[in-house]
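Just below is one structure, and these are the notes that go with it.
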Amino acid sequence: MNMTKFTAALFFILLMLSSCSSEPECQNSDINSFDSFLGITGETKEIELTKILGESTGGYYTDDNKSFIYTYHALIDAPIAVAVNANTTKVETVLMEILSLGEDFEKDLEKAAKKYNLDLCDSRFFGMKKDEIIAEMGEPDAEDNSATGVYSITYNSDNQKTSVNFKFFDEQDKMCSSVIVNWF
Numbered sequence: 000m001n002m003t004k005f006t007a008a009l010f011f012i013l014l015m016l017s018s019c020s021s022e023p024e025c026q027n028s029d030i031n032s033f034d035s036f037l038g039i040t041g042e043t044k045e046i047e048l049t050k051i052l053g054e055s056t057g058g059y060y061t062d063d064n065k066s067f068i069y070t071y072h073a074l075i076d077a078p079i080a081v082a083v084n085a086n087t088t089k090v091e092t093v094l095m096e097i098l099s100l101g102e103d104f105e106k107d108l109e110k111a112a113k114k115y116n117l118d119l120c121d122s123r124f125f126g127m128k129k130d131e132i133i134a135e136m137g138e139p140d141a142e143d144n145s146a147t148g149v150y151s152i153t154y155n156s157d158n159q160k161t162s163v164n165f166k167f168f169d170e171q172d173k174m175c176s177s178v179i180v181n182w183f
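Given below as structure tokens:
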């Protein structure tokens with residue numbers, strides 16, 4: 000085999016291997032492309048939530064009656080809350096948490112991924128360390144470290160229409176266990 004054919008064959012093999020990567024290309028690796036979470040966008044209407052997440056387990060109006068918060072507590076250790084604007088009926092905020100500790104954390108995340116048909120691009124944040132998220136998404140716009148063992152980082156899109164907050168708790172080995180997405 001001459002050197003040109005060898006180089007072409009090696010290039011083809013490397014190209015095939017790189018296209019078979021096990022890591023997905025996730026749009027939400029960039030805050031400016033973080034357009035959906037849990038299958039919900041800022042344009043999702045209240046009426047669509049049942050199709051996306053199933054029946055809610057309850058809900059309540061905020062104190063100012065400007066939003067209705069749907070709760071999804073079918074999995075006690077993986078709650079979801081979705082705030083919908085009472086006037087526009089569009090989703091404004093989505094929150095998901097994994098409350099369990101240790102090996103139960105992964106088990107509950109797997110249950111939630113199955114129950115709510117979570118995309119790998121969304122569920123991958125749970126269990127990541129702060130430095131891993133920063134390595135993927137860049138420097139956050141805000142960081143907060145409370146005295147109670149809760150640390151959070153926040154990203155805001157350039158157009159100020161999307162904000163994402165990741166929370167890390169000491170008792171959960173400082174892994175991301177809470178993701179809050181806001182659309183304005």
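Using numbering that gives the first Met the number 0, you'd call the opening residue of the sequence shown number 0 and step up by one each time. Backbone N, C-alpha and C fix where the C-beta goes; we use that ideal spot for every residue, glycine too. Only a predicted model underlies this, so the values are computations on that prediction, with no experimental measurement involved.
Residue 36 is bridged by DSSP to 39. Taken through DSSP and simplified to helix, strand or coil, residue 67 comes out as strand.
In the DSSP assignment, residue 49 falls outside any beta strand (DSSP E) and lies within the alpha helix (DSSP H) extending over 48-52.
At a cut-off of 4 residues, the continuous stretches assigned as alpha helix (DSSP H) that sit fully inside the stretch 98-175 are 102-114, 119-122, 129-136. Taking all protein chains in view, the Cβ of residue 166 is crowded by 16 or more other Cβ atoms within 10 Å, so the residue is classified as buried. In the same chain as residue 136, and ignoring 5 residues on each side of it, the C-beta atoms closer than 8 Å to its own belong to 28, 29, 30, 154, in chain order. Residue 76 sits close to residue 97, with the two beta carbons spaced by under 8 Å. A direct Cα-to-Cα measurement between residue 72 and residue 134 gives close to 32 Å.
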